[in-house]
Amino acid sequence: MNERKRHVLDAARRLFLDNGFADTSIQNILDEAGISKGTFYNYFSSKNECLISIIEESRETSTILRDELAADRRDGPELLIDQLLVRLRMNREQQLIRLYEAILHSGDAELRKFMKTVHLAELAWLERRLTEVFGEWAEPYSADAALMHFGMLGQYLQFAPDVTSSDELTKRIRFVIRRTEALLRDMAEHREHLLEADQFNERAGAPPLPSASQTAREIRRLAAYLSPADREAGREYADFLSAELEAERPRTSLVRTIAGPFRKLFDGTPLEPEVRTVMSAVWQLLGTADGKPGKED
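Residue numbering for the sequence shown is 1 to 297, as defined by UniProt numbering.
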(Lines of atoms letter the chains of each structure in order from A; the text may use other names.)
(Lines give C-alpha, C1' and ligand atoms only; values in the text may rest on other atoms or scores of the structure.)
Protein backbone atom coordinates (compact mmCIF):
# COMPACT_ATOMS: atom_id res chain seq x y z
CA MET A 1 0.00 0.00 0.00
CA ASN A 2 1.53 3.31 -1.05
CA GLU A 3 1.27 6.60 0.83
CA ARG A 4 -1.43 7.99 -1.42
CA LYS A 5 -3.70 5.00 -1.01
CA ARG A 6 -3.07 5.22 2.74
CA HIS A 7 -4.13 8.87 2.61
CA VAL A 8 -7.38 7.99 0.80
CA LEU A 9 -8.22 5.27 3.33
CA ASP A 10 -7.62 7.64 6.25
CA ALA A 11 -9.90 10.25 4.66
CA ALA A 12 -12.62 7.67 4.00
CA ARG A 13 -12.40 6.31 7.54
CA ARG A 14 -12.89 9.81 9.01
CA LEU A 15 -15.94 10.41 6.84
CA PHE A 16 -17.49 6.99 7.51
CA LEU A 17 -17.16 7.58 11.27
CA ASP A 18 -18.26 11.22 11.23
CA ASN A 19 -21.10 11.05 8.71
CA GLY A 20 -21.94 7.37 8.52
CA PHE A 21 -21.15 4.99 5.67
CA ALA A 22 -24.52 5.39 3.95
CA ASP A 23 -24.33 9.20 4.02
CA THR A 24 -20.77 9.36 2.66
CA SER A 25 -20.47 9.52 -1.11
CA ILE A 26 -17.45 8.84 -3.27
CA GLN A 27 -17.43 12.55 -4.08
CA ASN A 28 -17.18 13.29 -0.36
CA ILE A 29 -14.11 11.07 -0.21
CA LEU A 30 -12.59 12.75 -3.27
CA ASP A 31 -13.06 16.17 -1.68
CA GLU A 32 -11.73 15.10 1.72
CA ALA A 33 -8.66 13.37 0.25
CA GLY A 34 -8.07 15.98 -2.46
CA ILE A 35 -7.88 13.44 -5.26
CA SER A 36 -9.52 12.90 -8.63
CA LYS A 37 -12.14 10.28 -9.38
CA GLY A 38 -9.61 8.46 -11.56
CA THR A 39 -7.21 8.17 -8.62
CA PHE A 40 -9.93 6.72 -6.40
CA TYR A 41 -10.91 4.12 -8.97
CA ASN A 42 -7.27 3.25 -9.47
CA TYR A 43 -7.31 1.94 -5.89
CA PHE A 44 -10.93 0.84 -5.33
CA SER A 45 -13.70 -0.35 -7.60
CA SER A 46 -16.40 1.02 -5.28
CA LYS A 47 -17.15 2.63 -1.93
CA ASN A 48 -17.79 -0.87 -0.60
CA GLU A 49 -14.29 -1.98 -1.53
CA CYS A 50 -12.87 1.07 0.19
CA LEU A 51 -14.64 0.13 3.44
CA ILE A 52 -13.57 -3.50 3.10
CA SER A 53 -9.94 -2.35 2.70
CA ILE A 54 -10.17 -0.38 5.96
CA ILE A 55 -11.41 -3.43 7.86
CA GLU A 56 -8.96 -5.79 6.15
CA GLU A 57 -6.05 -3.56 7.11
CA SER A 58 -7.10 -3.73 10.75
CA ARG A 59 -7.44 -7.53 10.58
CA GLU A 60 -4.02 -7.81 8.99
CA THR A 61 -2.43 -5.71 11.73
CA SER A 62 -4.11 -7.64 14.55
CA THR A 63 -3.02 -10.96 13.00
CA ILE A 64 0.60 -9.82 12.88
CA LEU A 65 0.53 -8.52 16.45
CA ARG A 66 -1.04 -11.76 17.69
CA ASP A 67 1.59 -13.87 15.98
CA GLU A 68 4.42 -11.66 17.22
CA LEU A 69 3.14 -12.05 20.78
CA ALA A 70 3.46 -15.82 20.39
CA ALA A 71 6.96 -15.70 18.92
CA ASP A 72 8.84 -15.56 22.21
CA ARG A 73 6.26 -16.71 24.78
CA ARG A 74 5.15 -20.04 26.11
CA ASP A 75 1.71 -20.98 24.86
CA GLY A 76 -1.15 -21.11 27.31
CA PRO A 77 -4.30 -19.32 28.48
CA GLU A 78 -2.47 -16.07 29.34
CA LEU A 79 -1.04 -15.78 25.83
CA LEU A 80 -4.49 -16.45 24.36
CA ILE A 81 -5.96 -13.73 26.60
CA ASP A 82 -3.39 -11.21 25.38
CA GLN A 83 -4.03 -12.21 21.75
CA LEU A 84 -7.76 -11.69 22.20
CA LEU A 85 -7.05 -8.32 23.80
CA VAL A 86 -5.17 -7.20 20.67
CA ARG A 87 -8.32 -7.45 18.57
CA LEU A 88 -10.57 -5.87 21.19
CA ARG A 89 -8.29 -2.88 21.67
CA MET A 90 -7.96 -2.35 17.94
CA ASN A 91 -11.71 -2.52 17.43
CA ARG A 92 -12.24 0.11 20.12
CA GLU A 93 -9.30 2.39 19.33
CA GLN A 94 -10.19 2.51 15.63
CA GLN A 95 -13.93 2.60 16.34
CA LEU A 96 -14.41 -0.39 14.07
CA ILE A 97 -17.56 -1.48 15.89
CA ARG A 98 -19.34 1.51 14.36
CA LEU A 99 -18.24 0.42 10.90
CA TYR A 100 -19.37 -3.16 11.59
CA GLU A 101 -22.77 -1.89 12.71
CA ALA A 102 -23.06 0.27 9.60
CA ILE A 103 -22.51 -2.82 7.47
CA LEU A 104 -25.02 -4.92 9.39
CA HIS A 105 -27.67 -2.22 9.03
CA SER A 106 -26.87 -1.40 5.42
CA GLY A 107 -28.70 -4.34 3.88
CA ASP A 108 -25.90 -4.49 1.29
CA ALA A 109 -25.44 -8.15 0.32
CA GLU A 110 -21.76 -7.76 -0.63
CA LEU A 111 -20.81 -6.10 2.66
CA ARG A 112 -22.86 -8.50 4.78
CA LYS A 113 -21.23 -11.46 3.05
CA PHE A 114 -17.82 -9.94 3.74
CA MET A 115 -18.60 -9.46 7.44
CA LYS A 116 -19.83 -13.04 7.69
CA THR A 117 -16.50 -14.20 6.30
CA VAL A 118 -14.66 -12.00 8.82
CA HIS A 119 -16.66 -13.50 11.68
CA LEU A 120 -16.13 -17.07 10.48
CA ALA A 121 -12.38 -16.48 10.16
CA GLU A 122 -12.22 -15.19 13.74
CA LEU A 123 -14.19 -18.21 14.97
CA ALA A 124 -11.84 -20.52 13.04
CA TRP A 125 -8.82 -18.82 14.62
CA LEU A 126 -10.21 -19.22 18.13
CA GLU A 127 -11.22 -22.83 17.49
CA ARG A 128 -7.64 -23.62 16.50
CA ARG A 129 -6.17 -21.70 19.42
CA LEU A 130 -8.39 -23.44 21.98
CA THR A 131 -7.08 -26.80 20.78
CA GLU A 132 -3.48 -25.54 20.86
CA VAL A 133 -3.86 -24.09 24.36
CA PHE A 134 -5.81 -26.88 26.08
CA GLY A 135 -4.64 -29.92 24.13
CA GLU A 136 -5.71 -32.33 21.41
CA TRP A 137 -8.48 -33.71 23.63
CA ALA A 138 -10.32 -30.41 23.09
CA GLU A 139 -10.32 -30.55 19.29
CA PRO A 140 -13.77 -32.15 18.79
CA TYR A 141 -15.33 -29.55 21.10
CA SER A 142 -13.39 -26.40 20.21
CA ALA A 143 -15.78 -25.21 17.51
CA ASP A 144 -18.72 -25.19 19.93
CA ALA A 145 -16.55 -23.60 22.62
CA ALA A 146 -15.37 -20.86 20.26
CA LEU A 147 -18.96 -20.00 19.35
CA MET A 148 -20.01 -19.87 23.01
CA HIS A 149 -16.92 -17.85 23.94
CA PHE A 150 -17.77 -15.10 21.45
CA GLY A 151 -21.36 -15.06 22.63
CA MET A 152 -20.37 -14.69 26.29
CA LEU A 153 -17.65 -12.10 25.69
CA GLY A 154 -19.85 -10.09 23.35
CA GLN A 155 -22.59 -9.85 25.97
CA TYR A 156 -20.18 -8.81 28.73
CA LEU A 157 -18.71 -6.10 26.49
CA GLN A 158 -22.14 -4.91 25.39
CA PHE A 159 -23.23 -4.71 29.02
CA ALA A 160 -20.26 -2.41 29.78
CA PRO A 161 -19.55 -0.50 26.54
CA ASP A 162 -17.61 2.23 28.36
CA VAL A 163 -14.96 -0.19 29.60
CA THR A 164 -11.83 0.64 27.62
CA SER A 165 -8.81 0.07 29.87
CA SER A 166 -6.62 -2.93 29.08
CA ASP A 167 -6.85 -4.15 32.69
CA GLU A 168 -10.64 -4.18 32.68
CA LEU A 169 -10.87 -5.77 29.25
CA THR A 170 -8.32 -8.40 30.27
CA LYS A 171 -10.37 -9.15 33.39
CA ARG A 172 -13.43 -9.89 31.28
CA ILE A 173 -11.52 -11.95 28.72
CA ARG A 174 -9.87 -14.03 31.48
CA PHE A 175 -13.24 -14.66 33.12
CA VAL A 176 -14.75 -15.85 29.84
CA ILE A 177 -11.72 -18.01 28.98
CA ARG A 178 -12.06 -19.81 32.31
CA ARG A 179 -15.75 -20.43 31.64
CA THR A 180 -14.84 -21.62 28.13
CA GLU A 181 -12.35 -24.12 29.53
CA ALA A 182 -15.02 -25.41 31.91
CA LEU A 183 -17.41 -25.84 28.99
CA LEU A 184 -14.75 -27.68 27.00
CA ARG A 185 -14.10 -30.12 29.83
CA ASP A 186 -17.81 -30.68 30.38
CA MET A 187 -18.36 -31.43 26.68
CA ALA A 188 -15.37 -33.79 26.68
CA GLU A 189 -16.64 -35.58 29.79
CA HIS A 190 -20.02 -36.16 28.17
CA ARG A 191 -18.57 -36.60 24.66
CA GLU A 192 -21.14 -34.14 23.37
CA HIS A 193 -20.83 -31.49 20.67
CA LEU A 194 -22.99 -30.00 17.92
CA LEU A 195 -20.43 -28.59 15.49
CA GLU A 196 -17.84 -30.52 13.53
CA ALA A 197 -14.17 -29.59 13.77
CA ASP A 198 -12.87 -27.06 11.22
CA GLN A 199 -16.39 -26.15 10.12
CA PHE A 200 -15.72 -22.40 10.36
CA ASN A 201 -12.65 -22.64 8.16
CA GLU A 202 -14.52 -24.58 5.52
CA ARG A 203 -17.39 -22.10 5.44
CA ALA A 204 -15.13 -19.03 5.43
CA GLY A 205 -12.93 -20.40 2.65
CA ALA A 206 -9.18 -20.58 3.13
CA PRO A 207 -7.22 -17.64 1.67
CA PRO A 208 -4.76 -18.47 -1.11
CA LEU A 209 -1.27 -19.29 0.13
CA PRO A 210 1.24 -16.53 -0.67
CA SER A 211 4.29 -17.32 -2.77
CA ALA A 212 7.31 -17.99 -0.55
CA SER A 213 9.78 -16.91 -3.23
CA GLN A 214 7.89 -13.71 -4.02
CA THR A 215 7.59 -12.89 -0.32
CA ALA A 216 11.35 -13.43 0.10
CA ARG A 217 12.06 -11.07 -2.81
CA GLU A 218 9.79 -8.41 -1.31
CA ILE A 219 11.58 -8.64 2.04
CA ARG A 220 14.97 -8.09 0.40
CA ARG A 221 13.63 -5.21 -1.66
CA LEU A 222 12.11 -3.43 1.32
CA ALA A 223 15.29 -3.73 3.39
CA ALA A 224 17.13 -1.65 0.79
CA TYR A 225 14.88 1.35 1.56
CA LEU A 226 15.69 1.52 5.26
CA SER A 227 17.48 4.54 6.66
CA PRO A 228 21.29 4.30 6.88
CA ALA A 229 21.06 3.81 10.64
CA ASP A 230 18.84 0.70 10.26
CA ARG A 231 19.99 -0.61 6.89
CA GLU A 232 22.72 -2.97 8.11
CA ALA A 233 20.50 -4.67 10.68
CA GLY A 234 17.60 -4.69 8.21
CA ARG A 235 19.64 -6.41 5.53
CA GLU A 236 20.85 -9.04 7.98
CA TYR A 237 17.27 -9.74 9.05
CA ALA A 238 16.10 -9.72 5.42
CA ASP A 239 18.84 -12.10 4.26
CA PHE A 240 17.99 -14.53 7.05
CA LEU A 241 14.22 -14.36 6.54
CA SER A 242 14.37 -14.69 2.76
CA ALA A 243 16.82 -17.61 2.92
CA GLU A 244 14.62 -19.46 5.41
CA LEU A 245 11.44 -18.85 3.41
CA GLU A 246 13.09 -20.30 0.32
CA ALA A 247 14.60 -23.26 2.18
CA GLU A 248 13.13 -26.74 1.83
CA ARG A 249 12.83 -27.01 5.62
CA PRO A 250 12.69 -23.51 7.08
CA ARG A 251 13.44 -23.10 10.78
CA THR A 252 10.05 -21.66 11.62
CA SER A 253 10.82 -20.88 15.27
CA LEU A 254 13.78 -18.71 14.24
CA VAL A 255 11.76 -17.00 11.50
CA ARG A 256 9.10 -16.13 14.08
CA THR A 257 11.75 -14.62 16.33
CA ILE A 258 13.26 -12.43 13.59
CA ALA A 259 10.02 -11.38 11.84
CA GLY A 260 8.91 -8.95 14.55
CA PRO A 261 12.19 -7.01 14.90
CA PHE A 262 12.42 -6.69 11.11
CA ARG A 263 8.89 -5.27 10.84
CA LYS A 264 9.46 -2.83 13.67
CA LEU A 265 12.39 -1.24 11.83
CA PHE A 266 9.77 0.30 9.53
CA ASP A 267 7.47 1.68 12.23
CA GLY A 268 6.66 5.32 11.51
CA THR A 269 8.06 5.19 7.98
CA PRO A 270 6.11 5.55 4.71
CA LEU A 271 6.76 1.86 4.04
CA GLU A 272 5.08 0.68 7.25
CA PRO A 273 1.78 -0.40 5.58
CA GLU A 274 3.59 -2.24 2.77
CA VAL A 275 5.88 -4.03 5.21
CA ARG A 276 2.88 -5.02 7.30
CA THR A 277 1.30 -6.68 4.25
CA VAL A 278 4.50 -8.56 3.42
CA MET A 279 4.95 -9.73 7.00
CA SER A 280 1.33 -10.86 7.06
CA ALA A 281 2.28 -13.16 4.18
CA VAL A 282 5.22 -14.46 6.23
CA TRP A 283 2.97 -15.37 9.15
CA GLN A 284 0.48 -16.97 6.80
CA LEU A 285 3.22 -19.13 5.34
CA LEU A 286 4.41 -20.12 8.81
CA GLY A 287 0.86 -21.06 9.74
CA THR A 288 0.43 -23.71 7.05
CA ALA A 289 -0.46 -27.14 8.31
CA ASP A 290 2.99 -28.70 7.90
CA GLY A 291 4.90 -25.53 8.83
CA LYS A 292 6.60 -25.39 5.44
CA PRO A 293 6.22 -22.30 3.23
CA GLY A 294 4.98 -23.03 -0.25
CA LYS A 295 7.30 -22.96 -3.22
CA GLU A 296 4.89 -21.60 -5.77
CA ASP A 297 5.80 -18.57 -7.91
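A virtual CB, placed ideally from N, CA and C, is assigned to each residue, including glycine. Predicted model, so just to flag it, every value in this text is computed and none were measured.
- Ranking Ile64, Ile177, Tyr141 by CA distance to the CA of leucine 80 puts Ile177 first.
- Under the Cβ criterion (8 Å, minimum of three pairs), the stretch 186 to 198 counts as touching the stretch 136 to 155.
- A residue is called buried when at least 16 other Cβ atoms come within 10 angstroms of its Cβ; glutamine 158 does not meet this threshold and is exposed.
- Taking a 10 Å sphere around the C-beta of tryptophan 283, we find 16 or more other C-beta atoms and assign the residue as buried.
- Assignment of phenylalanine 44 by DSSP, reduced to helix, strand and coil, places it in the coil class.
- A straight-line Cα-Cα distance of about 19 Å links arginine 73 and isoleucine 173.
- Going by beta carbons, phenylalanine 200 and leucine 120 fall inside the 9 Å limit.
- With respect to the 9 Å criterion, threonine 180 and leucine 130 are classified as neighbours on the basis of their beta carbons.
- Close CB contacts of alanine 223 within its chain, under the 6 Å cut and outside five residues either way in sequence, are with Gly234, Arg235, Ala238 (chain order).
- DSSP places glutamate 127 inside the alpha helix (DSSP H), whose first and last residues are 109 to 134.
- The alpha helix (DSSP H) runs lying completely inside the stretch 162 to 221 and spanning 4 residues or more are 166 to 190, 199 to 204, given in chain order.
- Bounds of the alpha helix (DSSP H) holding isoleucine 29 are 26 to 33.
- Take alanine 12, set aside five residues on each side of it, and the residues of its chain with a beta-carbon closer than 6 Å to its own are Ile29, Cys50, in chain order.
- The same chain holds no residue with a CB closer than 6 Å to that of arginine 112 once the five nearest residues on each side in sequence are set aside.
- In the displayed model, glutamate 248 falls within coil according to three-state DSSP, outside both helix and strand.
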